[in-house]
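Participant: Residue numbers (the numbering used here): 111 to 269. One structure follows; several queries about it will come next.
Listed below in structure tokens is the structure:
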């Protein structure tokens, strides 16, 4: 039993370190040219607002970046998203994002898809499930990313 508590403490520590690292120096922060695909996401409860920009070539994301304001968790999640999904096929990126959202939204532990399981930062970011009120902060960038490919959605909201 002590080992289980120790493991949970370790993952919580890693989670906090990961958030601080990405929030203080986010990857791919900035915008792209006006011809880039983009979508806006807001979390009205927290005040987070993000803009995701994507440039593609054929069926591959060539560049993904973001701008916005928000809590450290929201900014860190967007930073991790852009770091991971850059230079990925659009279909694979959508699969990763959808699976990650499902994992965070589930009340039970699901088997992680191989990509999430094999990505240390995403595995650590899943520790947000221990802080249920912050799940929407993590999900915002992932939902906004998916909405880039949905022409019917202009602004994504966590509510």
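Positions of the beta carbon are idealized from the N, C-alpha and C atoms, including for glycine. On a predicted model such as this, the values are computed, not experimentally measured, just so you know.
#1: Can you give me the Cβ contacts of residue 268 inside the same chain, cut-off strictly under 6 Å, excluding the 5 residues immediately before and after it?
#2: Output the distance between the C-alpha atoms of residue 193 and residue 140, rounded to the nearest integer angstrom.
#3: Would you list the one or two residues that DSSP bridges to residue 176?
#4: If we count the other Cβ atoms within 10 Å of its Cβ and call it buried at 16 or more, is residue 158 buried or exposed?
#5: Would you mind stating whether residue 229 and residue 175 have Cβ atoms separated by less than 8 Å?
#6: Pick out whichever of 181, 148, 162, 201 has its Cα sitting closest to the Cα of residue 170.
#7: Here's the rule I'm using: 16 or more other beta-carbon atoms within 10 Å means buried, otherwise exposed. How should residue 215 be labelled?
#8: Leaving out the 5 sequence neighbours to the left and right, which residues in its chain are closer than 6 Å to residue 182 when beta-carbon positions are compared?
#9: Beta strand (DSSP E) containing residue 150: first to last residue?
#10: In chain order, what residues of the same chain have a beta carbon less than 8 Å from the beta carbon of residue 263, not counting five sequence neighbours either side?
#11: So if DSSP puts residue 171 in a beta bridge, which residue, or which two residues, is it bridged to?
#12: Out of 178, 173, 155, 231, which one is the CA nearest neighbour of residue 127?
#13: In or out: residue 179 buried (at least 16 other Cβ within 10 Å) or exposed?
#14: I'd like to know whether the C-beta atoms of residue 195 and residue 173 end up nearer to each other than 8 Å.
Facilitator: So, from the listed chains and residues:
#1: Only 153, 246, 250 meet the Cβ criterion.
#2: Looking at the backbone, the Cα of residue 193 and that of residue 140 are separated by about 13 Å.
#3: By DSSP's assignment, residue 176 forms a beta bridge with 139, 162.
#4: Counting C-beta atoms within 10 angstroms of its own C-beta, residue 158 has 16 or more neighbours from the protein chains shown and is therefore classed as buried.
#5: No, the Cβ-Cβ distance between residue 229 and residue 175 is not below 8 Å.
#6: With distances taken between Cα atoms, residue 170 lies closest to 201.
#7: Burial state of residue 215 is exposed, judged by a 10 Å Cβ sphere holding fewer than 16 other Cβ atoms.
#8: Excluding positions up to five away in sequence, the list reads 129, 133.
#9: Note, residue 150: beta strand (DSSP E), 147 to 153.
#10: For residue 263, where only same-chain residues beyond five positions count, the Cβ hits under 8 Å are 149, 257.
#11: When beta bridges are read from the DSSP output, residue 171 appears opposite 166.
#12: Taking only the C-alpha atoms, the option nearest residue 127 is 231.
#13: Answer is exposed; the Cβ neighbour count stays below 16.
#14: Going by C-beta atoms, residue 195 is not nearer than 8 Å to residue 173.
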